[in-house]
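Asks: First, the structure itself, so that you have it in front of you.
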Amino acid sequence: MTARARQKGMTLPEVLIALLVFAAIATASVYALRLGVDSRDQLARVDAELKTFQIARTLIKEDMAQVTMRRVRNQFGDMEETVFRGNLESFGARREDDERLLAAFVRGGQINPDAAAPRSALQYVEYVYRNGALIRRSRAYLDEAEDADVIERVLFDGLLDAKAEFLLGEQRGELEWADIWPVGAGSAPPRAVAITLERENRPPLRQLFWIGSVGGAGA
Numbered sequence: 190m191t192a193r194a195r196q197k198g199m200t201l202p203e204v205l206i207a208l209l210v211f212a213a214i215a216t217a218s219v220y221a222l223r224l225g226v227d228s229r230d231q232l233a234r235v236d237a238e239l240k241t242f243q244i245a246r247t248l249i250k251e252d253m254a255q256v257t258m259r260r261v262r263n264q265f266g267d268m269e270e271t272v273f274r275g276n277l278e279s280f281g282a283r284r285e286d287d288e289r290l291l292a293a294f295v296r297g298g299q300i301n302p303d304a305a306a307p308r309s310a311l312q313y314v315e316y317v318y319r320n321g322a323l324i325r326r327s328r329a330y331l332d333e334a335e336d337a338d339v340i341e342r343v344l345f346d347g348l349l350d351a352k353a354e355f356l357l358g359e360q361r362g363e364l365e366w367a368d369i370w371p372v373g374a375g376s377a378p379p380r381a382v383a384i385t386l387e388r389e390n391r392p393p394l395r396q397l398f399w400i401g402s403v404g405g406a407g408a
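Under the numbering used here, residues 190 to 408 are what the sequence shown spells out, in order.
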């Protein structure tokens, strides 16, 4: 048997071709894996945003549906002139310099099983925009005091702006909106509130919330 017949190894060109094929397959595999990881992360972010949106919308909807005709006293003991305030200046004890009050009102329906807590079923609620976040602030005791317990919950963050509009009524088939509330005399709440969230590189998100049948001023 000759030396040529005994030689069964791969030639250099064959080795280079094999390496080239392997590199191409490895590159395609890494790219496909990266696409899968990116898709998974993107789906996770979208899912988290959707859950956040659904929770926030449900909470705002429930608040607006249970607005009551109960006025509150400010930190100076003076009674507020209206039961619902929107986009008005607020000088309460807990106000931050860079926050903007979008809406403030008293809602009913707060759970108090067996009247265990020394409070009513009413709750004072504010929606404020501060440092790129839409925040829900509430207190169980309606009248403002410096030592009252206040709960803040961030509903949306990373915002460019948040705006509120208040439905006056309908004129010639078109809805009329006001930028502040109240408008003119009277203390009744608006018929609905529209909240618009400005987000970076995304279209504005505008949601409409109807005010429920306003209840009495129970304590």
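For glycine and all other residues, C-beta sits at the position ideal for the given N, C-alpha and C.
Kindly indicate the opening and closing residues of the beta strand (DSSP E) around Arg319.
Replies: Gln312 to Arg319
Asks: Given Val256, which residues of its chain have a CB within under 7 Å of its CB, disregarding the five upstream and five downstream residues?
Replies: Phe273, Phe294, Arg296, Pro378, Ile400, Gly401 and Val403
Asks: Taking only three categories from DSSP, how would you classify Ala293?
Replies: In this structure, Ala293 counts as strand in the three-state DSSP scheme.
Asks: Considering Leu331, what are the terminal residues of the beta strand (DSSP E) in which it resides?
Replies: Leu331 -> no beta strand (DSSP E), and no H or E assigned at all.
Asks: In whole angstroms, give me the CA-to-CA distance for Tyr330 and Glu365.
Replies: Roughly 34 Å between the two C-alpha positions.
Asks: Which residue's Cα is closest to the Cα of Arg326: Glu333, Val317 and Asp368?
Replies: Val317
Asks: Is Pro252 buried or exposed, if buried means 16 or more other CB atoms sit within 10 Å of its CB?
Replies: The sequence shown places Asp at residue 252, not Pro. With 16 or more other CB atoms across the displayed protein chains lying within 10 angstroms of its CB, Asp252 is buried.
Asks: Select from Ala374, Gly362 and Gln264 the residue whose C-alpha is nearest the C-alpha of Asp332.
Replies: Gln264
Asks: Name the residue from Val314, Glu341, Leu224 and Leu356 whose alpha carbon lies nearest to the alpha carbon of Ile384.
Replies: Nearest of Val314, Glu341, Leu224 and Leu356 to Ile384, Cα basis: Leu356.
Asks: Do Gly375 and Thr271 have their beta-carbon atoms positioned less than 9 Å apart in this structure?
Replies: yes
Asks: Using CA coordinates, which residue listed in Trp370, Phe345 and Gly225 is at the minimum distance from Arg246?
Replies: Minimum Cα distance to Arg246 is reached at Phe345.
Asks: What are the start and end residues of the beta strand (DSSP E) that includes Val426?
Replies: Absent from the structure is residue 426, since the part of the chain shown begins at 190 and ends at 408.
Asks: Let me know the secondary structure DSSP gives Ala282 once reduced to three states.
Replies: Only weak support is given to the placement of Ala282: the predicted model assigns it a pLDDT of 48, under 50, and the value that follows is read from those uncertain coordinates. In this structure, Ala282 counts as coil in the three-state DSSP scheme.
Asks: Which residue from Asp350, Arg259 and Ala217 puts its Cα closest to that of Asp287?
Replies: Asp350
Asks: Just checking Val343 against the ligand MN - is the residue's beta carbon closer than 8 Å to any of the ligand's heavy atoms?
Replies: Looking at this structure, you won't find the ligand MN or any other ligand, since it has none at all.
Asks: Compare the beta carbon distance of Val343 and Leu323 with 9 Å and say whether it is the shorter of the two.
Replies: Yes, these two residues count as a Cβ contact at 9 Å.
Asks: Taking Ile340 as part of the beta strand (DSSP E), name the residues at either end of that continuous run.
Replies: Ile340 to Phe345
Asks: DSSP on Gln243, reduced to helix/strand/coil?
Replies: helix
Asks: Do Leu348 and Gly321 come within 9 Å of each other at the CB atom, strictly closer than that value?
Replies: yes
Asks: Taking only three categories from DSSP, how would you classify Phe265?
Replies: coil
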